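Quick notes on the structure that follows.
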Amino acid sequence: MSGKKITSKRVVIEPERSIPVTAKVDVLVAGGGAAGFGAAIGAARTGARTMVVERNNCLGGTATAGMMANLNVTGPHLIGVAHELLCRLADIDRAWFGRVVTFSPELMKQVMLEMLEEEGVKPLFYTMISQPIVEDNTVKGVIVENKSGRQAILSKAVVDCTGDADLAYRAGAPCTVGREEDHKTRPMTLLFRLGNVGIDEIIEYCREHPDQFIPSPYWNVLQKEKKVLRIEGFYDIMEAARKRGELDSNIHYLRFEGVDTENGTIIVNTSRVYDLDGTDAQQLSIGEIEARRQMMQILQVIRKWVPGCEDAFLINSATNLGVRETRRIIGEYVFTHEDAGNKVRFNDTVARLWRRAGHKWLAGMPGVEMHSPDAGEGLRDEAFNQRMKTYDPDKIPPPPEKDFYFPYRSLIPQKLDGILVAGRSMSVSHLGDTWTRGIMIVMVCGQAAGTAAALAAKDNVEIRGLDISRLQKELIDQGVELGEEGT
Ligand SMILES: Cc1cc2nc3c(=O)[nH]c(=O)nc-3n(C[C@H](O)[C@H](O)[C@H](O)COP(=O)(O)OP(=O)(O)OC[C@H]3O[C@@H](n4cnc5c(N)ncnc54)[C@H](O)[C@@H]3O)c2cc1C
-5 MSGKKITSKR
5 VVIEPERSIP
15 VTAKVDVLVA
25 GGGAAGFGAA
35 IGAARTGART
45 MVVERNNCLG
55 GTATAGMMAN
65 LNVTGPHLIG
75 VAHELLCRLA
85 DIDRAWFGRV
95 VTFSPELMKQ
105 VMLEMLEEEG
115 VKPLFYTMIS
125 QPIVEDNTVK
135 GVIVENKSGR
145 QAILSKAVVD
155 CTGDADLAYR
165 AGAPCTVGRE
175 EDHKTRPMTL
185 LFRLGNVGID
195 EIIEYCREHP
205 DQFIPSPYWN
215 VLQKEKKVLR
225 IEGFYDIMEA
235 ARKRGELDSN
245 IHYLRFEGVD
255 TENGTIIVNT
265 SRVYDLDGTD
275 AQQLSIGEIE
285 ARRQMMQILQ
295 VIRKWVPGCE
305 DAFLINSATN
315 LGVRETRRII
325 GEYVFTHEDA
335 GNKVRFNDTV
345 ARLWRRAGHK
355 WLAGMPGVEM
365 HSPDAGEGLR
375 DEAFNQRMKT
385 YDPDKIPPPP
395 EKDFYFPYRS
405 LIPQKLDGIL
415 VAGRSMSVSH
425 LGDTWTRGIM
435 IVMVCGQAAG
445 TAAALAAKDN
455 VEIRGLDISR
465 LQKELIDQGV
475 ELGEEGT
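Taking my numbering, the leading residue of the sequence shown gets -5, the next gets one more, and so forth.
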């Protein structure tokens, strides 16, 4: 405790001290997940000296360290930097598949890194951003902590892509958490990868038991082309296992993400941890322990009951627990589920985006959500069962993708200047985030935020005072689709 004065049993007072400024940049991107990657590319291509600071040892966040290897969007609807990234992956990796997009998390890490390096951006890994530097309500940089100690990085503009709005929140931006009425958040999931899986036997089981699976574009591909990209269901197997006490009651279905299935490997996306705060390290630790306990249950059930998996073995688990929802900023505009559904075209649109319709849509149900904060919400009910009895992938096309527009104001926190927020903590409502939290979507919104930050830094103007038409033109030049001009 040298240098620290204990003033009570509850707090210590840290003495004032000088912190070395180790870098000065135009745009500092906090967090190198999908959104941070997009932001860094957008900023660098707009001519900004750009730096990305990331606590992990890789780029991609949930998409790579979280092993979440599926974009939830079909190839033709990829835009901007997401399109470039996936095309580059497709050149080197067979996992890409035109109509639905899956990828290898390991290759994704590398391609993201190469693309940043080509833009002259070198990420600073193994570094936690602890505080924003704020003067007169303007964010001027960040304080970071790493093996080298505590350092300051000064920046003309900051893009908060921490997923949790860590910086905006600490700088004083109004924020909210979870569902509006009770602030509960969606469940967390730890993904893991299995080897020695008998894909042919799994496919045979799927084709013989179509009522056991959620219809989706992935399902149509499996039926027609015998390719596993994602399968979700195995309802009877899971229900029987729950009844035998082999599984927790929260675990309703089994989902396989099909990456590298040719080599007998598959990613399991199934555990569900509820009612924990992903911005609290202690609760995250509880979540990690709980998810690992569930992983062992799920592993045993797969080995025992899923055909072709008797000799499956655990290759690895995700580096980071998958956190779907935490804090979001309440920005200059809060984007809603209704805005998306009504396809509101904003004057300050920064992207026209696409989202695949959910399984509830297929089942003819009004809901939009399969990851509700309520533990135990059944995914299979009578309406679903009825619909499944008549579902025929040869006759019913894959569910449509729906387009929507995203506004610039939802990237800007209230009350602050010098900072934008992109990624899953953008200014959207709880249900709005079913449209906006997908990997491709946060990446493109990140690109918009990075581009805006670079323009603001270049012109020395306030972020909320940026010339929107200039930003839109720059984004179009970068391959981002904005759709028709309108209201
Ligand atoms: C289990 C699960 C399943 C999902 N399924 C799909 C799917 O099928 N398809 C789809 O498109 N989307 C899916 N999503 C959603 C999607 O993966 C995420 O919403 C998206 O990847 C979030 O990207 P992000 O960049 O906003 O945040 P993150 O991926 O969380 O990235 C934030 C980055 O910031 C870093 N960071 C955080 N705080 C700090 C700090 N203080 N200092 C330094 N670095 C920091 C983190 O290490 C991380 O790299 C899923 C999410 C989960 C959790």
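Glycine included, C-beta positions come from ideal geometry on N, C-alpha and C. These numbers were taken from a predicted model, which means no experiment stands behind them.
From the listed residues L148, I296, V67 and F400, the smallest Cα separation to N341 is found for F400.
The continuous alpha helix (DSSP H) containing C439 extends over residues I433 to D453. The C-beta separation of A306 from L184 comes to about 17 Å, leaving the pair out of contact by the 8 Å criterion. Secondary structure note for Y199: it is in no beta strand (DSSP E), and the uninterrupted alpha helix (DSSP H) holding it is I193 to E202. Using a 10 angstroms sphere on the CB of E284, the tally of other CB atoms reaches 16 or more, which defines it as buried. At least 7 Å separates the beta-carbon of E108 from that of M122. Of the candidates V21, T320, K467 and I292, the residue whose Cα lies closest to the Cα of A151 is V21. For G281, the three-state secondary structure derived from DSSP is helix. For G227, the closest C-alpha among the options E240, V15, E256 and V262 is that of V262. Take the alpha-carbon of G335 and the one of C52: they are about 35 Å apart. Shown here, L315 sits in coil according to DSSP, grouped into three states, outside any helix or strand. Residue pairing for N140: DSSP places it in a beta bridge opposite G143. Under DSSP, L118 takes part in a beta bridge, and its partners are V47. Rounded to whole angstroms, I73 and V474 show a C-alpha spacing of 6 Å. Around the beta carbon of A275, fewer than 16 other beta carbons sit within 10 angstroms, so the residue counts as exposed. Straight across, the Cα-Cα distance linking L465 with V344 is about 8 Å. Counting the other Cβ atoms within 10 Å of the Cβ of A234 gives fewer than 16, which makes it exposed. Using a Cβ-Cβ distance cut-off of 8 Å, the region 233 to 252 and the region 165 to 177 are not in contact, since fewer than three pairs of beta carbons, one from each stretch, lie closer than that value. Nearest Cα to K409 within the set G440, R43, A447 and I457: I457. Assigned with DSSP and collapsed to three states, Y399 falls in strand.
With respect to the 7 Å criterion, A76 and G417 are not classified as neighbours on the basis of their beta carbons.
In the displayed model, R82 falls within a helix according to three-state DSSP.
About 5 Å separates the CB atoms of I323 and V415; that is less than 8 Å, so the two are in contact. Between A162 and E113, the CB-CB gap reaches or exceeds 7 Å. From the listed residues W429, I296, C200 and P367, the smallest Cα separation to H177 is found for P367. According to the DSSP assignment, G227 belongs to the beta strand (DSSP E) that extends over R224 to G227.
Rounded to the nearest whole angstrom, the CA to CA distance from D427 to R43 is 31 Å.
DSSP lists R187 as the bridge partner or partners of N310. CA-to-CA, the gap between G316 and Y268 works out to about 12 Å.
A165 carries a coil assignment under DSSP once its states are collapsed to helix, strand and coil.
When the alpha-carbon of G69 is set against those of R82, L118 and K3, the nearest one is in R82. A straight-line Cα-Cα distance of about 42 Å links N131 and R286. For C155, the shortest separation between its Cβ and any heavy atom of ligand 1 lies below 6 Å. Distance check between T445 and each of V133, D471 and K221 places D471 closest, using alpha-carbon atoms only. Here the region 188 to 202 makes no contact with the region 429 to 439; the two share fewer than three CB pairs at distances below 8 Å. G27 places its beta carbon less than 7 Å from that of G157.
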